[in-house]
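Asks: Quick mapping for you: the protein sequence lines, in order, are chains Y and V.
Numbering of the first sequence is given in the working numbering, commencing with residue 2 and proceeding in unit increments.
Numbering of the second sequence is given in the working numbering, commencing with residue 2 and proceeding in unit increments.
All C-beta atoms in this analysis are idealised placements derived from N, C-alpha and C, irrespective of residue type, glycine included.
Keep in mind the model is a prediction, meaning the values are calculated, not measured.
There are 2 protein chains.
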Amino acid sequence: MNNASKSQKNEPFRYEQIASEVIRLIAQGTYRPGERIPSVRQMSTQQGVSISSVLQAYLQLENQGVIEARPQSGYYVRAPSAENYPEPEISSPSLDPNHVNLHDLMMMAMRDSTNASLIQLGAAMPNLELLPIERINRILASLARTAEPGAHSYELPPGLEELRVQIAKRALLSGCQFSPNEIVITSGGVEGIHLCLYAVCNPGDIVAIESPMYFGTLQLLEVHGLRALEIPTNPREGISLSALQFAIEHNPIKAVLTISNFNNPLGSCIPDEKKKDLVELLARYEIPLIDNDVSGEIYFSEKRPMVTKAFDQKGLVMLCSSFSKDISPSLRVGWVVPGRFKNKIEWLKFTTSAATARLPQMAIAQFLESGGYDHQLRRIRREYASNVALLSQAVTRAFPAGTRVTRPVGGFVLWVQLPENVDSLELYALSLKNNITITPGYLFSPTNHFSNFIRLNAAAWSYPIERAVRRLGELVFELAGT
Amino acid sequence: MNNASKSQKNEPFRYEQIASEVIRLIAQGTYRPGERIPSVRQMSTQQGVSISSVLQAYLQLENQGVIEARPQSGYYVRAPSAENYPEPEISSPSLDPNHVNLHDLMMMAMRDSTNASLIQLGAAMPNLELLPIERINRILASLARTAEPGAHSYELPPGLEELRVQIAKRALLSGCQFSPNEIVITSGGVEGIHLCLYAVCNPGDIVAIESPMYFGTLQLLEVHGLRALEIPTNPREGISLSALQFAIEHNPIKAVLTISNFNNPLGSCIPDEKKKDLVELLARYEIPLIDNDVSGEIYFSEKRPMVTKAFDQKGLVMLCSSFSKDISPSLRVGWVVPGRFKNKIEWLKFTTSAATARLPQMAIAQFLESGGYDHQLRRIRREYASNVALLSQAVTRAFPAGTRVTRPVGGFVLWVQLPENVDSLELYALSLKNNITITPGYLFSPTNHFSNFIRLNAAAWSYPIERAVRRLGELVFELAGT
C-alpha cells in the first residue's frame, strides 16, 4: 500500500479533520483575520488527503462564516463579525430575599457534565490541555519519590507555610499586601466560600448576591439555609452599587457575595474604582464581603484587575480563590484571606475537614516558586480570549435574531440570552438528545428569572464544538418557532 | 582514632540510647516477659559502649520496672504487672442535652499538637513509621509520571469507581454487603461525619453521643449548632442501650453518633450482638445512626469486629471511615456509606467541596488491589497492641494510687482517670512547661465531667516517651498532693 492510498483510507472522515485543523490554527492565531490560508492544493499535499476532501472542508468553513473565498486569490480568514449580537441588559431580579431550591436541577446537570459521550458545552471545566499538567506531574512524582514519612502527617490549618508565602507574594500583583499568616489553605475554592458563609451567617439570614450568580454558590446558600437577595448586575461592570445600597437599607443583610473579577456566568469585571466604592459602602454598614476571585488571573486586558481585598481597611473582605482553574482542578487546593474572621475560619476548617492534603500544596508551592506560573497564565489568557471570541461569533452565526451574548473580559464562559419564548430547560432536554450539554439559566437564580438564558463553556475550541454550536442554533430556531 | 574511642565519644548520652533500644526490643516482642536480655558485657560489645553506660541503662530500666535483676543469672524482662490500675467505671453524664462550646480549648490543643519541640503524648496521631508510606509514595510517583491530563479533571461525587470497588470488597470482612454505588468518597473521615450531620440534622436538634466522645466530633456538633445528649458509655462495651432508649423516650433525638469499634478515647468495642440491638432499637424509632469506623481495622483480637452497617435493614445507618489512620493521614481520603441518605450526601459533598482529589484515590485503590494492605494492618495491630500495653504499664508504675486506665481492644489511645482532685487543665499547663503535651479530658464532653481524665497516645513507644510518662506521673503526684 503506497502513501497516497494509505492516507485516503479513512477519506470520508478526513474533511472534518481538515476543517477542525483550520479552526484550531485560527484559534491559535497562526492565521489571523484577513490572512490567507493554504490553498486547496497546498493543504491536500500537506495533509496527504484528496483535493475533494479539502474542498469539502473549505466549503463547509465558508458556509459557517469562518473563511471566505476571494475570486482568483484563495481562501481568507474572515474578520470577526463586527455585528455580534448585542449584550444582555443589566439584570432586574426580584427585590425580595428568596430561599434557594435548585438541588435536583443541579445534580442532573452535574451528572450529565461527567458523561464523556456528550459534547460538553455547559460545565465550566477549564481546558486541561492548556494547564501545566505535565510539569505538575513531574513535580508530584519527584516529591513522592523523596517524601519523608513526615510529609504524610496532617497538614493542619492554616496550611503549608511555603505555599502561603507564594500566595502572599503573588497577591502583590492584584494590589494586596497581606502576610502569609493571614491565609488559610482550603481543599479547593468551594470549601473556602463554604467556610466563609459559616463564619458570618446563620440559617435564615439574608445574603446579597450578584445576579446571575454561579449556581455552586447558590447551592451553598441552600445548604446553609440562607436567603438570597439578588442584586441587579451589569454584564460588564458587575453588581449595581445603588441597588445594593437600597437593598442594605431595606434588609438585614449579613453578607455580600460577589465574583468581582469575571463573574460566572457574566464574565463581568467590577472596575477597580468601583471595587473601592463597594468595599467602602459595606464598611459603612459593617457587612462582610465574600469575594470569589477564582478566575482573577484569567484576564483578557493588559493588566491584572485588583481585588476588593486591596481596599479592605476593616478586615471585612474575605478573599477566596483556588488553583483549580489555572493549575489543576483535581489537586483540590484553594485559599481564603478572611480578614478579621481568620481565627474562626481556621477553627471551621479544622473542625469540618481537619486538614488539606500536603503533597499537592508542596507541588503548587514549588511550581509557583519556579516561575512557571506566569508563562502558563499568559498562554491561558491568550487562548481563552480567542476561544471566547470564536464562540461568540459562532453563536451569532448560528442563533436566531433576538439572541444576546455577553462580552466577557476574563474567564472562559459565555452567557447567552435566547429569544424570550425559548425555555432553557426545554433546550437542555433537546440538546441532550443531540449529545450536547449546556447549562440552563434556571441554575443561576433562585427565582427562575433567567429561564431563557444559557451558559456556554468557551475553554476549548474545535470543529466538533463548532458543529455542536451550529446544531444548538438549529434547536433554538426550532423552539423559537422562527 | 580507634573504634573504641570513637564509639565512646558521646558516651554521656549513650546509656539513654541503650535503654531506649531495650524498650524497643521488648515492645517489638524480640524479648518477651520472663526472657533474659543480653548481659551487660554482651551489650557493651554489641553496641560498642562502655560497661558503665550499659550498667547505668540497666539500672534505670530496673528502677522503671521494665526489667529485673536475678542474682547470679542476669537481667530479665518483667512480666507485665498483673495489677495494672483498674478501669474507669461507666460514664454518668448529665441527662440533658447541651450545646457544645469547646473551640478555644481545642484550638489551643491543636496548636500544641503541631509543635515538634514537644513530646506528643496527646494528639491521636498514627505512628507514621508503621504506615506504608514508602509503598504509597512509589505508587504516587508512578501514577504522577504516567497520568494523562484527564487525571486532573474534577473527580465529582460519588468519587473514583476503582476505589469504591475496593472499599466494597473489603467491607465483606466487616460483615457488610453493599455495592460500590452506595459509597460516597470524601476528603478524609471528618468531612464524612460533617456531611452526615448536615443530611439529617438542623440547628438546635439533639444528637445522642457516646460519652466520652472524640472532641473533633463534638466540635462538629458545635459548628452545626446541635445539642449533645451524652449517653453513659461502658469503657469496654460502648454506649448503654438502656440509657439510650430512656433518652430517646424523653427527647426528640435526631441522630445517634457512635464510634462502635474502638471509641476514641475509650478503646471500647460494642460487641457484635449489641451492635445488632443498637441498630434495631434505632430502627424502631426511625433514628439515623452515624457510626465512625475510622479505627475499625485496628483490632487487637483475632477477628475484625463487625460494623453496625451490617445489621442495617432500613438504610438508617451511615457508616463513615477513612484511610487516615492506617495508610496516610495526609492523602485526605475517606468515605461514607449513607444508606437512604445517599443522594443527599452526594449533593452536599458536591456543594460544599466539589470533588475529592483524584490522584490519592487512584493510589489507595492500587494499594488495596495489590494486597499490601493486609500485611500492613497485621503489623500495625501487633505494634499498637504492644504499645498500648507498654503505656498502660508505664502509667501504672508512674502514677499515684487512685488512677484508673482503660483496657483498649483496638485503636491506639489510652484514657486515664486521675485522682479526683487532679484537674487535667492544670496538668496540661504543667506538662507543657515540661515540653510534654497531653489531651485534657475537658475536650471529650460538653459538660466538663471528665475534668480529671486525660487521653494519651500509644501509637509509638520509645525511651523519650517512657521518660515523659514518668515525668507526667511526677506532675500528677504533685497535683494530687500525695
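Quick one: measure Cβ to Cβ for N252 of chain Y and I207 of chain Y, integer angstroms, because I've assumed they're closer than 8 Å.
Replies: 5 Å
Asks: Given C197 of chain V, which residues of its chain have a CB within under 6 Å of its CB, disregarding the five upstream and five downstream residues?
Replies: I291, M319
Asks: Let me see if you follow: with CB-CB separation under 8 Å, is I134 of chain V close to chain Y or not?
Replies: yes
Asks: Please state whether DSSP places T147 of chain V in a helix, a strand or coil.
Replies: helix
Asks: Any C-beta of chain Y within less than 8 Å: which residues of the region 351 to 375 of chain V qualify?
Replies: F351, T352, T353, S354, A355, A356, T357, A358, R359, L360, P361
Asks: Spatial neighbours of V78 of chain Y within its chain, please: C-beta separation below 7 Å, excluding the five flanking residues on both sides.
Replies: The beta carbon of V78 of chain Y sits closer than 7 Å to those of I27, Y32, R33, P34, G35, E36, I38, I68, all from its chain and outside the five residues before and after it, given in chain order.
Asks: Within its chain, find whatever has a CB closer than 7 Å to the CB of Q47 of chain Y; leave out the 5 residues flanking it on each side and keep chain order.
Replies: Within the same chain, Q47 of chain Y has close Cβ partners P39.
Asks: State the Cα-Cα distance for the pair A70 of chain V and L56 of chain V, rounded to the nearest angstrom.
Replies: 11 Å
Asks: Looking at C-alpha atoms only, which residue of Y:L419, Y:K434, Y:A459, Y:L258 is the closest neighbour of P441 of chain Y?
Replies: Y:L419
Asks: So, at 8 Å on beta carbons, what are the nonlocal neighbours of A5 of chain Y in its own chain, with the 5 sequence-adjacent residues on each side left out?
Replies: Bear in mind that the predicted position of A5 of chain Y carries a pLDDT of just 41, short of 50, making it too unreliable to give a figure here.
Asks: Tell me whether V246 of chain Y sits in a helix, a strand or coil according to DSSP, three-state version.
Replies: Correcting the residue identity first, residue 246 of chain Y is Gln in this sequence and not Val. DSSP places Q246 of chain Y in helix when its eight states are reduced to three.
Asks: From L332 of chain Y to I186 of chain V, what does the alpha carbon distance come to, in whole angstroms?
Replies: 15 Å
Asks: Cβ of Q9 of chain V less than 8 Å from any chain Y Cβ?
Replies: Here Q9 of chain V scores only 44 on pLDDT, less than 50, and its place in the model should not be relied on; the value that follows carries that caveat. No, its Cβ sits nowhere closer than 8 Å to a Cβ of chain Y.
Asks: I'd like to know if N182 of chain Y contacts chain V, where contact means its C-beta is closer than 8 Å to some C-beta of that chain.
Replies: no
Asks: Please compile the residues from chain Y whose C-beta is within a distance smaller than 7 Å of the C-beta of H104 of chain V.
Replies: What H104 of chain V touches in chain Y: W348.
Asks: Do you know how far the Cα of L476 of chain V is from the Cα of A459 of chain V?
Replies: 19 Å
Asks: Does the region 346 to 353 of chain Y come within contact of the region 373 to 381 of chain V, defined as at least 3 CB pairs closer than 8 Å?
Replies: Not touching, per the Cβ criterion.
Asks: I believe D105 of chain V touches T438 of chain V by the beta-carbon criterion, under 8 Å. Please report the beta-carbon distance rounded to the nearest angstrom.
Replies: Actually they do not touch by this definition, with Cβ atoms about 16 Å apart.
Asks: Using a Cβ cut-off of 8 Å (strictly closer), state whether S118 of chain Y contacts chain V.
Replies: no
Asks: Could you check what DSSP says for Q178 of chain Y in three-state terms: helix, strand or coil?
Replies: coil
Asks: From V166 of chain Y to C177 of chain Y, what distance separates their C-alpha atoms?
Replies: 13 Å
Asks: In the structure shown, what three-state DSSP assignment does T438 of chain Y receive?
Replies: strand
Asks: Between Y:R471, Y:R472, Y:L457, which lies nearest to Y215 of chain Y when the distance is taken from Cα to Cα?
Replies: Shortest Cα-Cα distance from Y215 of chain Y to any of Y:R471, Y:R472, Y:L457 involves Y:L457.
Asks: In this structure, does DSSP put W336 of chain V in helix, strand or coil?
Replies: Here W336 of chain V sits in strand by DSSP.
Asks: Alpha carbons only, please: which of Y:L426, Y:P401, Y:S432 is nearest the one belonging to G482 of chain Y?
Replies: Y:P401
Asks: Suppose contacts are defined by Cβ-Cβ distances below 8 Å. Is R472 of chain V in contact with Y86 of chain V by that definition?
Replies: The beta carbons of R472 of chain V and Y86 of chain V sit no closer together than 8 Å.
Asks: Using a Cβ-Cβ cutoff of 9 Å, what residues of the region 249 to 272 of chain V are near chain Y? List them in chain order.
Replies: none
Asks: Which residues, taken in chain order from the region 321 to 347 of chain Y, show a beta carbon closer than 7 Å to some beta carbon of chain V?
Replies: S329, P330, S331, L332, R333
Asks: Based on DSSP bridge pairs, tell me the residues matched to R405 of chain V.
Replies: V:Q418
Asks: Where does S53 of chain V land, buried or exposed, given buried means 16+ other C-beta within 10 angstroms?
Replies: Around the beta-carbon of S53 of chain V, fewer than 16 other beta-carbon atoms lie within 10 Å, marking it exposed.
Asks: Roughly how many whole angstroms lie between the Cα atoms of G372 of chain V and I140 of chain V?
Replies: 13 Å
Asks: Unbroken beta strand (DSSP E) runs of length 3 or more, entirely within the region 262 to 298 of chain V: which are they?
Replies: 290 to 293
Asks: Between G403 of chain V and the rest of its own chain, which residues show a CB-CB distance below 6 Å, the 5 nearest in sequence each way excluded?
Replies: P420
Asks: Tell me, to the nearest whole angstrom, how far the beta carbon of A200 of chain V is from that of F342 of chain V; I am working on the premise that it is less than 8 Å.
Replies: 5 Å
Asks: Does the CB of R472 of chain V have a neighbour CB from chain Y at under 8 Å?
Replies: no
Asks: Counting only Cβ pairs nearer than 7 Å, list the residues of chain V close to E156 of chain Y.
Replies: S331
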